[in-house]
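Take the position in the sequence shown, starting the count at 1, then add 4; the result is the number in this note's numbering.
The block underneath contains the structure these notes are about, expressed in structure tokens.
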Amino acid sequence: MKLRTFMESCNIKGESENFRSKQSNVFFVIICSLYFVQGIPIGLTFHAIPTLLKTLGLPLELISMVPLAGIFWAIKFLWAPLVENNWLGSLGRRKSWIIPMQLVMVMTLITLAMINVTEQNLAIVTLLLAIISIVGATQDIATDGLAADHTEKSQLGLVNAIQVSGIIIGMLIAGPFAMVAFEYVGYRVTLLLLAAIVCVCLIPIITWQEPKVKHSSTTAKASLLKFFKAPRATSTLVLCSCATLCGVITMALSKFILVDLSWSMSQVGMLTGVGHLLVMLVGCFIASNLIKRCGYRSTLLFGLQLVMFGGFLWIAIAEDWLLGAWCVWLTSVIVGLGMGFIAVSTYTYSMRFSQQTLQPATNIAFFQGTQTFGEIVFSSLATSLAGVSGYSSALVLGIVIALSCLFAVLKSTHYRHWSDAYND
5 MKLRTFMESC
15 NIKGESENFR
25 SKQSNVFFVI
35 ICSLYFVQGI
45 PIGLTFHAIP
55 TLLKTLGLPL
65 ELISMVPLAG
75 IFWAIKFLWA
85 PLVENNWLGS
95 LGRRKSWIIP
105 MQLVMVMTLI
115 TLAMINVTEQ
125 NLAIVTLLLA
135 IISIVGATQD
145 IATDGLAADH
155 TEKSQLGLVN
165 AIQVSGIIIG
175 MLIAGPFAMV
185 AFEYVGYRVT
195 LLLLAAIVCV
205 CLIPIITWQE
215 PKVKHSSTTA
225 KASLLKFFKA
235 PRATSTLVLC
245 SCATLCGVIT
255 MALSKFILVD
265 LSWSMSQVGM
275 LTGVGHLLVM
285 LVGCFIASNL
295 IKRCGYRSTL
305 LFGLQLVMFG
315 GFLWIAIAED
325 WLLGAWCVWL
335 TSVIVGLGMG
345 FIAVSTYTYS
355 MRFSQQTLQP
365 ATNIAFFQGT
375 QTFGEIVFSS
385 LATSLAGVSG
395 YSSALVLGIV
405 IALSCLFAVL
415 KSTHYRHWSD
425 AYND
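Given below as structure tokens:
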């Protein structure tokens with residue numbers, strides 16, 4: 005009798021674990037599809053459209069204004085409390101925002117497909133890219149909240165690797181692969197295909213029932229001021245905002261360097277896609293395992309050293325000190341790995357920080373918003389600086405920022421807790 009009872013309890017436990025495993029797998033698919041969609045406006049705004057404009061002969065000073073359409077990713081924290089505090093109970097706290105925003109993105113992509121990308125229409129194109137950025141950023145706020153609500157601490161590294169990887173894949177599709185598609189099927193067909201992909205990605209979240217979480221019923225309202233009341237908030241915010249800048253600057257300028265070296269748009273797209281983004285994808289999953297073994301600090305330091313080294317190599321390529329396609333590919337691999345390490349380490353820590361508060365979506369939006377703001381501003385600044393004083397000067401700017409972050413993590417008392425943050 006006791007043996008049978010024991011066996012039944014084991015069976016129930018096994019079935020429960022299998023159910024949780026299946027639910028977890030479904031959740032990971034949903035998270036991946038949502039972050040994938042967010043990569044599409046980023047790929048268009050920061051990669052495909054600027055490179056297309058460069059091939060049309062527009063000056064860098066004018067092209068540098070296009071990435072500013074993505075400024076809404078940087079200031080999304082301004083309306084994050086609105087997203088956190090308001091929702092339809094029948095639909096779900098996060099789904100209430102995710103589904104409408106994704107539908108608006110589909111319609112805007114279709115509209116963008118109808119516009120010819122020329123210097124005369126640049127203002128309209130930039131406006132439509134800005135609309136896509138607004139709805140994408142709003143969807144991101146809700147998605148980050150969804151991830152923080154339903155992810156255990158032990159899975160944070162994996163979820164953030166999925167987050168960064170999903171965004172990278174979206175950037176690959178809408179950036180480098182779109183550049184290649186422009187030459188083969190045309191601009192309009194490419195944009196319509198992107199709209200169809202975003203529409204298909206709605207299916208998993210529509211068919212999923214969002215569970216309720218304990219803190220969603222609290223009477224306390226989210227606000228931006230509460231972010232700064234949390235311990236270590238400001239110092240962590242500064243580090244997370246600056247750590248990615250060297251890689252972003254290097255990646256932004258590398259496309260223009262290659263165009264000036266007479267690479268075709270499809271060649272630049274393949275290099276950016278495989279050499280930078282695809283390698284960054286690999287770096288994300290390496291970083292998620294490294295965080296478990298060595299912690300956030302070691303992972304971040306390794307990533308900073310890689311992107312700095314890659315920055316020096318790009319200077320050598322721009323100055324014709326290094327010649328040959330193999331040098332370009334090797335440099336891209338180094339930078340891509342470094343960016344993957346930096347992204348996952350900063351994203352994982354910021355999500356862990358936010359997960360311990362009552363307003364996770366707002367706090368994550370604050371972290372990522374300021375990080376994106378720095379990336380947009382310095383990407384545009386570096387592009388303008390390259391047009392005035394050359395690529396090397398702009399690349400040095402990124403290297404100096406990365407070096408400052410490296411010394412801050414090693415020497416500053418503000419970041420000692422990063423050594424054992426994974427165990428906090």
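C-beta atoms are modelled at their ideal positions from N, C-alpha and C, and glycine is treated no differently.
Residues of the same chain with a CB within less than 8 Å of the CB of L64, apart from the 5 flanking positions on each side, are K58, F260, T387, S388, A390, G391 in chain order.
Approximately 31 Å separates the beta-carbon atoms of G149 and T254; this is outside 8 Å, ruling out the contact.
Here DSSP, grouped into helix, strand and coil, assigns G96 to strand. For G140, the enclosing alpha helix (DSSP H) covers residues 126 to 153. Put simply, the backbone Cα of W77 is about 28 Å away from that of G394. I79 sits in coil when the DSSP states are folded into three classes, being neither helix nor strand. Excluding five sequence positions before and after G74, the CB atoms of its chain that fall closer than 6 Å to its own CB belong to T49, S137, I380, given in chain order. With 16 or more other CB atoms across the displayed protein chains lying within 10 angstroms of its CB, K99 is buried. Contact annotation: L399 and W318 have beta-carbon atoms nearer than 8 Å.
Using a Cβ-Cβ distance cut-off of 8 Å, the region 299 to 316 and the region 326 to 340 are in contact, since at least three pairs of beta carbons, one from each stretch, lie closer than that value. Residue range 249 to 264 is occupied by the alpha helix (DSSP H) that includes D264.
Contact between the region 195 to 210 and the region 29 to 44 is present: 3 or more CB-CB pairs across the two stretches fall below 8 Å. Each residue's CA atom was taken as its position, placing N125 and L281 some 29 Å apart.
Considering only F357, L72, G344, F289, the residue with the shortest C-alpha distance to T238 is F357. Within a 10 Å sphere around the beta-carbon of Q363 sit 16 or more other beta-carbons, which makes this residue buried.
In the three-state scheme derived from DSSP, where H, G and I count as helix and E and B as strand, N164 is classed as helix. Assignment of N29 by DSSP, reduced to helix, strand and coil, places it in the helix class. Rounded to whole angstroms, the separation of the alpha carbons of C244 and S68 is 24 Å. CA-to-CA, the gap between L228 and Q359 works out to about 16 Å. A residue is called buried once 16 or more other Cβ atoms fall within 10 Å of its Cβ, and D144 is buried on that count.
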